[in-house]
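This report refers to the structure that appears directly beneath it.
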Amino acid sequence: MLSLIANVIWVIVGGAITWFGFDTNSSLWIAVGILCLIAGGIGVYLSFSSEKIQQ
Numbered sequence: 000m001l002s003l004i005a006n007v008i009w010v011i012v013g014g015a016i017t018w019f020g021f022d023t024n025s026s027l028w029i030a031v032g033i034l035c036l037i038a039g040g041i042g043v044y045l046s047f048s049s050e051k052i053q054q
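Quick note: the sequence shown uses our numbering, first residue 0, plus one each step.
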């Protein structure tokens, strides 16, 4: 459950970084934000998968 919360935080931070990148028109921040979003999304998916397996 804790890993799920951590991965949701990754998604939120990634979204904020991406928004900051769009706001400042910086492709570097957009790329970093998208990578955080992808990592968080994969983590959320894996957290849900492991929760289902444990039940």
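Think of the CB as a built atom: it goes at the ideal place given N, C-alpha and C, for glycine as much as any other residue.
For S26, the three-state DSSP class (helix, strand or coil): In the structure shown, S26 sits in a helix (DSSP, three-state: H, G or I).
Straight-line Cα distance separating S49 from G13: Cα atoms of G13 and S49: separation of roughly 23 Å, rounded to the nearest angstrom.
Under 7 Å Cβ to Cβ from T17, same chain only, skipping five residues before and after it: list those, please. So the list reads I29, G32, I33 and L36, once near-sequence residues are dropped.
Between which residues of its own chain and I11 is the CB-CB distance below 7 Å, once the five residues before and five after are set aside? None.
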